[in-house]
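Participant: In case it helps, the working numbering puts the sequence shown at residues 279 to 642.
Questions regarding the structure given below will be posed in turn.
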Amino acid sequence: MPRDFPAHVRDVYRIDLSGRYLGEPIPHPIGKGSGQLSLNVGQLETDAEAGLAFVVLKTVIAQDAAGAQSMAAWAIHETKMKVERRGAGWTVTWKGRGWDRSFDDYLALVRAGRDIREAGRLLTVPSVKYHLPRLDEPFRDDEYAFTTRALASAWGASPLLLEKDFSPTLAGDALADEKQQILRWLREVPQRIRAHADVRLAMKLMNARFDDDFQREMMDVAEGADALVCFNRLFDAERGVAYGGPDLSQRNLRVLDSYRPLPSLTVPYRRLSGTGNIHSGRLIVEYALRGCSSVQLHTFFQLPLEEYPATDGSRTQRALHALVFDPRDGLIAVLLEREAAGALERHGGELHFLDLLPNAHRPR
Ligand SMILES: Cc1cc2nc3c(=O)[nH]c(=O)nc-3n(C[C@H](O)[C@H](O)[C@H](O)COP(=O)(O)O)c2cc1C
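Structure follows, in structure tokens:
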């Protein structure tokens with residue numbers, strides 16, 4: 279498994295795997311979603327070594343200058359994770375929530391990520407959960423101000439690339455019982471953040487406990503974001519836990535599918551990043567066909583080792599190997615399959631991953 283596998287794939291198969299995440303060109307579309315696999319520098323080093331395209335750091339809970347966190351209920355400590363089968367797929371059962379160490383520790387991780395990024399080894403992006411008020415309450419701007427400025431300074435370049443997390447546990451919380459309340463957050467949060475730094479913002483939308491129409495409405499209302507991550511895990515109200523697996527990708531792809539015929543002018547296709555039950559190149563292609571120019575995985579980087587065909591390398595490497603090179607469901611195989619079926623054409627002698635996206639050849 280060559281670290282620079284995109285160059286290898288280009289040489290051998292004449293396939294250009296380039297993707298895009300939050301407006302940044304990336305050598306291939308596969309990144310790591312925010313969570314327990316991006317908590318420390320060791321994990322970032324391993325991912326840089328494996329040749330991952332980008333990593334979103336664990337979500338930190340915003341605070342003001344005095345350290346007060348209105349969303350403190352999300353900064354709880356829980357380490358135990360259980361990787362379990364769910365239907366034909368996998369889910370990770372975990373009762374934890376956001377970053378549970380100090381904000382200074384988080385800034386140190388962002389700075390370490392900056393060094394790795396500046397060395398051209400891996401794009402790392404912080405993730406935040408900011409204050410979300412009830413309809414009759416104002417936003418706590420002091421938390422937005424302090425957290426955004428500190429992250430911008432640790433990030434060390436302009437613009438700051440940032441994800442705002444609306445998590446599944448939030449979807450399961452009484453705070454998210456009301457549609458109007460959620461829509462207000464999605465409408466107003468971008469400007470609240472942008473007031474304090476030059477930010478390129480991705481909003482990671484939760485799967486709200488409402489129907490597909492509302493999920494699409496959330497996408498439309500979030501037009502102040504530069505990119506949308508679609509969509510975080512489902513919430514099991516009975517067990518009080520978030521879950522993934524086949525139900526998650528089915529719902530996500532179904533919503534994106536119905537969104538496709540009605541593209542919003544303000545959220546062009548190039549600005550979506552897919553997440554949810556991605557465990558093969560074939561699934562990456564399904565998300566790409568619905569407008570996702572990158573994908574963010576978590577569960578597939580956590581499987582028992584015997585689930586990966588590779589017998590050597592870090593979990594990240596073994597996962598990338600399967601996603602790209604699997605002879606039946608890997609990215610290369612599926613792109614060649616589409617070419618053979620007349621669904622994808624070569625340009626300049628090459629197949630391009632980004633050509634999978636709807637309207638790929640419309641001027642942009
Ligand atoms: C244990 C665990 C912790 C997670 N923590 C976060 C988080 O802090 N912030 C966030 O935005 N997403 C979080 N996620 C969501 C993942 O980044 C990802 O979007 C989601 O799990 C769907 O992808 P998957 O099916 O590949 O796991 C977490 C997921 C898991 C399994």
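All C-beta atoms, glycine included, are put in the ideal place defined by N, C-alpha and C.
Who are the Cβ neighbours of R549 in its own chain at under 7 angstroms, not counting the five residues just before and after it?
Facilitator: D504, A505, L506
Participant: Under three-state DSSP, which class holds G591?
Facilitator: coil
Participant: Taking C-alpha atoms, which residue in Y384, P582, G502 lies nearest to E362?
Facilitator: P582
Participant: Compare the beta carbon distance of H630 and I293 with 9 angstroms and say whether it is the shorter of the two.
Facilitator: yes
Participant: Over the uninterrupted beta strand (DSSP E) stretch that includes L506, give me the two end residues.
Facilitator: 505–508
Participant: Answer yes if the region 326–337 comes into contact with the region 399–409, meaning at least three C-beta pairs across the two stretches below 8 angstroms, and no otherwise.
Facilitator: yes
Participant: What ranges does the alpha helix (DSSP H) occupy inside the region 310–338, keeping only unbroken runs of at least 4 residues that lie completely in it?
Facilitator: Uninterrupted alpha helix (DSSP H) stretches at least 4 residues long and entirely within the region 310–338 occur at 319–328, given in chain order.
Participant: Would you call the region 441–454 and the region 480–487 in contact, with 3 or more CB pairs under 8 angstroms?
Facilitator: yes
Participant: Roughly how many whole angstroms lie between the Cα atoms of R642 and M359?
Facilitator: Reliability of the predicted coordinates at R642 is poor, the pLDDT of 39 falling under 50, and no value is obtained from them.
Participant: Is it buried or exposed, P605, if we count other Cβ atoms within 10 angstroms and call 16 or more buried?
Facilitator: exposed
Participant: What are the boundary residues of the alpha helix (DSSP H) that includes W463?
Facilitator: 457–472
Participant: For D514, report the span of its beta strand (DSSP E) as first-last.
Facilitator: D514 -> beta strand (DSSP E) spans 512–514.
Participant: Can you tell me which of T357, L439, P416, E415 puts its alpha carbon nearest to the alpha carbon of T426?
Facilitator: L439
Participant: Can you tell me which of G591, R412, L531 puts its alpha carbon nearest to the alpha carbon of R568?
Facilitator: L531
Participant: As a quick exercise: from K336, T324, V602, pick the residue whose alpha carbon is nearest that of K442.
Facilitator: Nearest option by C-alpha distance: K336.
Participant: At the level of alpha carbons, what is the spacing between E628 and L609?
Facilitator: 14 angstroms
Participant: Can you tell me whether H409 is buried or exposed? The criterion is at least 16 other CB atoms within 10 Å of its CB, across all chains shown.
Facilitator: buried
Participant: For the putative contact between S405 and S312, defined by C-beta atoms under 8 angstroms, what is the C-beta separation to the nearest angstrom?
Facilitator: 4 angstroms
Participant: Leaving aside the five residues before and after R624 along the sequence, list all residues of the same chain whose C-beta is less than 8 angstroms from its C-beta, in chain order.
Facilitator: So the list reads R292, E617, once near-sequence residues are dropped.
Participant: Give the single residue among M496, L561, L575, S572 whose Cα lies nearest to the Cα of Y537.
Facilitator: Cα-wise, what sits closest to Y537 is M496.
Participant: Using 8 angstroms for Cβ pairs, my map puts K407 next to I304. What's the rounded Cβ distance?
Facilitator: So it is not a contact: roughly 25 angstroms between Cβ atoms.
Participant: Measuring alpha carbon to alpha carbon, tell me which of M349, R379, A500, L317 ends up nearest R465.
Facilitator: It is A500 whose Cα lies nearest to the Cα of R465.
Participant: Less than 9 angstroms between the C-beta atoms of Q469 and L413, yes or no?
Facilitator: no
Participant: Going by alpha carbons, who is nearest to Q321 out of A366, V370, R364, A390?
Facilitator: A390
Participant: Once you ignore the five residues that flank Y565 on each side, which residues in its own chain have a CB closer than 6 angstroms to its CB?
Facilitator: Short of 6 angstroms from the beta carbon of Y565, and not among the five residues preceding or following it, lie these beta carbons of its own chain, in chain order: G552, V573.
Participant: Under a Cβ-count criterion, where at least 16 other Cβ atoms within 10 Å of its own Cβ denotes burial, should S644 be classed as buried or exposed?
Facilitator: With the chain running from 279 to 642 in the structure shown, residue 644 is simply not present.
Participant: Hey, is Q574 close to ligand 1, as in C-beta under 8 angstroms from one of its heavy atoms?
Facilitator: yes
Participant: Beta carbon of A520: closer than 8 angstroms to some heavy atom of ligand 1?
Facilitator: yes
Participant: Which class does Y299 belong to by DSSP, given the choice of helix, strand or coil?
Facilitator: strand
Participant: How about I556: is its Cβ closer than 8 angstroms to a heavy atom in ligand 1?
Facilitator: yes
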